[in-house]
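Student: Numbering (mature numbering (1 follows the signal peptide of the UniProt record, and there is no 0)), first residue to last: -25 to -1, 1 to 176.
Following this line, the structure appears as structure tokens:
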């Protein structure tokens, strides 16, 4: 029993040491990015790929690993989370989401020479408590207000706008029916017409 406990502790220490030595480890190679056809497809960690999320595919690193990717040609950087396996082409070391590719300016070229740095693995404030980190979504600017909103926030805004539009259209239809009803009313009417009819007989 004692030997088993010592063995488990030793294995745990080795794994921790391995993880620690991988932090800040750098590697250079070719980066590519997902095609638009991959949007919405399941990734290897079970989630769905979203082109506006800052995620990537790596052949070996654990899901949830955070990687800093630097485009060597322009020094632009982005931090992405490993959610998928790949790339499997020769010389490729990472597949980036469309949003990440835009961040480092490689969409036009399709491929880029990059430096990838392992910056950690965390289930901190944005984590789910199970070792997975949920990074904030790419934020897009609203030209009208100058405010930035994430994809999920834009979806909520769109839902609220649709609801407001539906209520406005319903109110407009009601007002139109009332206006039509007023227009169709006769300008005069006979009161007590039944009584008048009886008297005339």
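Virtual Cβ for every residue (Gly too), placed ideally from N, Cα, C. For clarity, every value in this text was computed on a predicted model and none was experimentally measured.
Is the CB-CB distance between residue 56 and residue 29 below 8 Å?
Tutor: In contact: residue 56 and residue 29 (Cβ atoms closer than 8 Å).
Student: With C-beta atoms as the reference, is residue 44 less than 8 Å away from residue 82?
Tutor: No, the Cβ-Cβ distance between residue 44 and residue 82 is not below 8 Å.
Student: So, is residue 71 buried or exposed, given that buried needs 16 or more other C-beta atoms within 10 angstroms?
Tutor: Looking at its Cβ environment, which holds 16 or more other Cβ atoms inside 10 Å, residue 71 is buried.
Student: Does DSSP classify residue 34 as helix, strand or coil?
Tutor: Looking at residue 34 - three-state DSSP - the assignment turns out to be coil, as it is neither helix nor strand.
Student: Taking 6 Å as the limit between beta carbons, can you name the residues of its chain near residue 59, skipping five residues before and five after?
Tutor: Excluding positions up to five away in sequence, the list reads 18, 19 and 32.
Student: Quick one: what's got a C-beta closer than 8 Å to residue 16's C-beta in the same chain, skipping five residues either side?
Tutor: Result list for residue 16: 23 and 24, in chain order.
Student: Whose C-alpha, out of 133, 27, 142 and 41, is nearest the C-alpha of residue 14?
Tutor: Considering only alpha carbons, the answer is 27.
Student: Can you tell me the Cβ-Cβ gap for residue 79 and residue 52, rounded? I've got them flagged as a contact below 8 Å.
Tutor: Indeed, because the Cβ distance is near 7 Å, the residues count as touching under 8 Å.
Student: Can you have a look at residue 63 and say buried or exposed, based on whether 16 or more other CB atoms are within 10 angstroms of its CB?
Tutor: Counting Cβ neighbours within 10 Å, residue 63 comes out exposed, since fewer than 16 surround it.
Student: Starting from the C-beta of residue 157, find all residues in its chain whose C-beta is less than 7 Å away, skip the five residues before and the five after it, and write them out in chain order.
Tutor: No residues qualify anywhere along the chain.
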